[in-house]
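To keep things clear, I will list the structure first and then write my remarks on it.
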Amino acid sequence: MTGALNGFRVLDLTNERGVYCTKVLADLGADVIRIEPPEGDPLRNYPPFRKGEIDPDQSVYFWHHNTSKRSVVLDLASRHGRDQFSQLLGTADALIESHDVGTLAGLGLGHEEVLETHPALIYTSITPFGQAGPRAKDPANNIVLSALGGVMNVNGAVDAPPLAAFEDQSYLAASNYAAATTIAALLYRRRTGTGQFIDVSIEAAVAAFAHWPYLQSGVAPMRTGSLNLNAFGIVRCLDGYCAVSLNHNWDKHLSWMLSEGFGEELVGLRPPTEEPNVPARRANLEKRLDVLGAWAATKAVDTLFREGQAHRLTFGKIMSVDDLFQNPQLRARGFMVPVHHPELGETYEYPGAPYRLTRTPWAVTRRPPLRGEHTEEVLAEPAMRARANSEVSR
Amino acid sequence: MKPGALEGIRVLDFTWVLAGPYCTRILADLGADVIKVQSMTTSNGYDARGGGRTNSLNRNKRSLRLNMRKQEGRDIAGRLAQHCDVVIDNFSARVMKSWGLGYEEIAAIKPDIISISMSGFGHDGPWKDYVSYGLTLQALSGVTHLMSYPHAPPQGFGYSYADYGGGLTAAIAVLAALHHRNETGEGQFIDVSQYEAMTALTGMSLLQRSVNGDSFEPKGNLLQARPCGPYGAYRCKDDNSGALTLPDRWLAIGVTNDQQWEAFVSALGGPAWASDPRFANQELRYENASALDAYVGSWTRGLDCYEAMRVLTSAGVPAGVVQNTADLVHKDDQIDHFGFWWFDDDLPTPSKRLDGFPVQMSQTPAKLARLGPDMGQDDEDVLSSLLGFTSEEVERLRELEIVW
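Respectively, the protein sequence lines represent chains P and S. Its first residue numbered 3, the first sequence is counted upward by one per residue in my numbering. Its first residue numbered 6, the second sequence is counted upward by one per residue in my numbering.
Dropping the structure here:
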């Protein structure tokens, strides 16, 4: 079965800010060609490494972000490399990059120039703040963008520093928005023949994921620890932690606790949503959390989770990565997918599909490429040979 | 006025609460005609409430009331589906099928339909009937555990991040399916498990576990696998104006290479502690993060957070204030310049603005075409233009509580 984006060719010039975008497209079936400089993609030097041994072909970071892609080495700093790139552009539907503003323009590969020669191309740039503006060139990275975008502010205990979103979430949010809009642009181009420039701001992507009651209420949410004003909290069980609802199917929930000898003091407590103000609401929720805490402390976390769900309560065990890896639901769904690395004689399980398109399934169609693994193959393609020949004869 | 990228695409939207409506919001923002099906007979999450929240989540959509408990309501929905490119829900597996709106039923009449169902855990597996909200999914996907300080109780996101991530993920799936349909004429069913969508965002941790048998453990704000420092949140001067419910202000600093470290030390005026052998390289700065953080914090503590940010960024050091949403509105000239805000004087809120779209598309810009509709605002428009109902017929359907 082919992927949904079969036939869609993308030239991949992303760095860490956008490399997940092109993975999303590649795993959906797009023909993603990652362009690497002769010395290799710098992302190959990112830890962690397989067995902890530094090796540009064994960066687990690189592996995760480059499934299903091909690799072509081109020296964009040289005239010849740029010529070859230009020929490749003629065969491509999209170019996706995430370098600092002005970097590609400095190589004659900026969006204005490229779109003039290739008006049907979709050119997508992912940058910290967008292409222009008073701080477009400010230095930034994931934690900085998580902070500026408003997501970091609401996480963490009140008596500790705010917590950034885990891993490279700001890059993932921006990459997903970039993928969505690139495909939307492709749909538009099919109707009209017109390409376009897509300017993705990572800060804005983070802000698009933020929580915006401020715009209505004039009160900016701040971090409140793990007790959430929408009636969720975390309780400690005998052997772990569990996320618990504090006002969902409450009558049923309370009856259950009462049947086990807990919750007497919560009988008659009004719903937190009926409290007159935020401090009262918080106090109400804290009271519930206290009681649930005492109750949970008598149970194993797996028991509380399972029994909670059996009572149709939105309980969730706080899972570690290890728990996740062995999780029966993910296993039953075949979430992890085997990817063979013939160069190592090993097969590893990779995280799988975020969505199941039944007719054109997500798939890892290639293991992450070795540096320049497909240079010859790509440059020998008929379309490329035709372009190369026409350049020579000019 | 420039067109939307998805003009001509129509979505029949049965989603509710947050993840589903966030998905259809993206499609609507990109120009699709999203018909949001609501009913007086259900709470429909908080979608039914008017005012600002509806405007943020449901802008650019149309609202049609249909009482799905009545056969006639379901019949109308079935007929409407034939005029749509996409049908989307986030119910559990049985609901749409019980309404005659399962994929097979619609595809029998409209073979190229794209039907997408965003359930909590997917339509099979031991947890398929489990119930979830965003915070449940966070916990179960490893996120809450990873977003914690070491040797402290777990934290996680302070809000329902999984809903946003899940919504955007589902939108990508819909768009990809539309592309396939354009190329081949084939529709399909898409099964989105919000749990898997969230887990995909922790993919890096899973691959590390898979390849090296090693599970990441919480490290607060420190990077998991790339030794460097200073990297974290540092407390600045408090804001005692009373405007905030928590007065503490923080600056995020992310020094990830030696060049940035040199620039950082220089920007601070070359303090003596910077030459401490414990901070001599990236690995050491990471190992001795607590000690380093204490020194850095002593610098930031005396400064206004924006001032500290400017000192560092003008020296080439990545730094950014931990902004709250009021800051983003009032103090962020850059996001303003980018055009993130959508302004409309008819918004019933003091700010007169909405959180817009984080991408600028040169030919097909996302835009605010209309505010979030009141429930049933478009009953007549939808039913007359797509199914040829007269206004009298629509009124009768209202009286019969079918358009209800």
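A virtual CB, placed ideally from N, CA and C, is assigned to each residue, including glycine.
Taking 9 Å as the CB threshold, Asn249/P stays off the interface with chain S. Taking one beta carbon from each stretch, the region 189-197 of chain S and the region 109-121 of chain S have 3 or more pairs nearer than 8 Å; the two touch.
For the pair Leu173/S and Leu256/S, the CB atoms are not nearer than the 9 Å cut-off. Residues are counted here when their Cβ sits less than 7 Å from a Cβ of chain S; for the region 187-215 of chain P these are Ala187, Leu188, Leu189, Tyr190, Arg192, Thr196, Gln198, Phe199, Ile200, Asp201, Val202, Ser203, Glu205, Ala206, Ala207, Ala209, Ala210, Phe211, Ala212, His213 and Trp214, given in chain order. Taking the C-beta atoms as reference points, Ala134/P is found no nearer than 9 Å to Arg191/P.
By the criterion of at least three beta-carbon pairs nearer than 8 Å, the region 235-254 of chain P is in contact with the region 134-150 of chain S. Taking a beta-carbon distance threshold of 9 Å, Asp324/P counts as an interface residue toward chain S. For Ser215/S, the enclosing alpha helix (DSSP H) stretches over residues Gly208 to Asn217. For a Cβ distance threshold of 8 Å, residue set Ala334 and Arg335 of chain P lies close to Asp129/S, ordered along the chain.
Think of a sphere of 8 Å around the beta carbon of Val303/P: no beta carbon from chain S falls inside it, the nearest being about 10 Å out.
In the displayed model, Tyr200/S falls within a helix according to three-state DSSP. If the five residues before and after Ala222/P are omitted, its C-beta is found closer than 6 Å to the C-beta atoms of Tyr216, all from its own chain and listed in chain order. Scanning chain S for C-beta atoms nearer than 7 Å to the C-beta of Arg314/P yields Val136, reported in chain order. For Glu277/P, the closest Cβ of chain S is not nearer than 9 Å.
Counting along the chain, Ser127/P sits inside the beta strand (DSSP E) bounded by residues Ile124 to Thr129. Closer than 9 Å to the CB of Ala79/P there is not a single CB belonging to chain S. Looking only at Glu288/P, Ser172/P and Val246/P, the smallest Cα-Cα distance to Phe211/P is reached by Ser172/P. Setting aside the 5 residues that flank it on each side, Asp253/S is surrounded in the same chain by Arg240 and Asp243, each with a C-beta closer than 7 Å to its C-beta; the list follows chain order. In the DSSP assignment, Trp255/S falls within the beta strand (DSSP E) that extends over Trp255 to Gly259.
Taking CB atoms only, Cys244/P has a neighbour in chain S less than 9 Å away.
Interface residue (Cβ-Cβ distance to chain P less than 9 Å): Leu273/S is not classified as such. Across the structure, Ile31/S and Val39/S are spaced so that their CA atoms are roughly 10 Å apart. In its chain, beyond the 5 residues on either side, Leu388 have a beta carbon closer than 8 Å to the beta carbon of Glu398/S. In this structure Pro278/P is exposed. Its beta-carbon is surrounded by fewer than 16 other beta-carbon atoms within 10 angstroms.
In its chain, beyond the 5 residues on either side, Ala279 have a beta carbon closer than 6 Å to the beta carbon of Val270/S. Ala182/S sits in a helix when the DSSP states are folded into three classes. Around Pro223/P, the beta-carbon contacts reaching into chain S at under 8 Å are Gly163, Tyr164, Asn329 and Thr330. Across the region 349-370 of chain P, CB contacts with chain S closer than 9 Å involve Tyr350, Glu351, Tyr352, Pro353, Gly354, Ala355, Pro356, Tyr357, Arg358, Leu359, Thr360, Arg361, Thr362 and Trp364, in sequence order along the chain. For Ala33/S, no Cβ of chain P is located within less than 9 Å of the residue's own Cβ.
Remark: three or more beta-carbon pairs, one from each stretch, lie closer than 8 Å, so the region 241-253 of chain P and the region 298-308 of chain P are flagged as touching.
Distance between Thr184/P and Cys28/S, taken at the CA atoms: about 16 Å. The beta carbon of Asn329/S sits closer than 8 Å to the beta carbons of Leu249 from its chain, once the five residues preceding and following it are set aside; these are given in chain order.
Looking at Thr4/P, Gln218/P and Gly227/P, the one whose alpha-carbon comes closest to that of Leu291/P is Gly227/P.
In the DSSP assignment, Tyr239/S forms a beta bridge with Leu256/S. Around Arg137/P, the beta-carbon contacts reaching into chain S at under 8 Å are Thr318, Asp338 and Gln339. Interface criterion not met: the Cβ of Ala298/P is under 9 Å from no Cβ in chain S.
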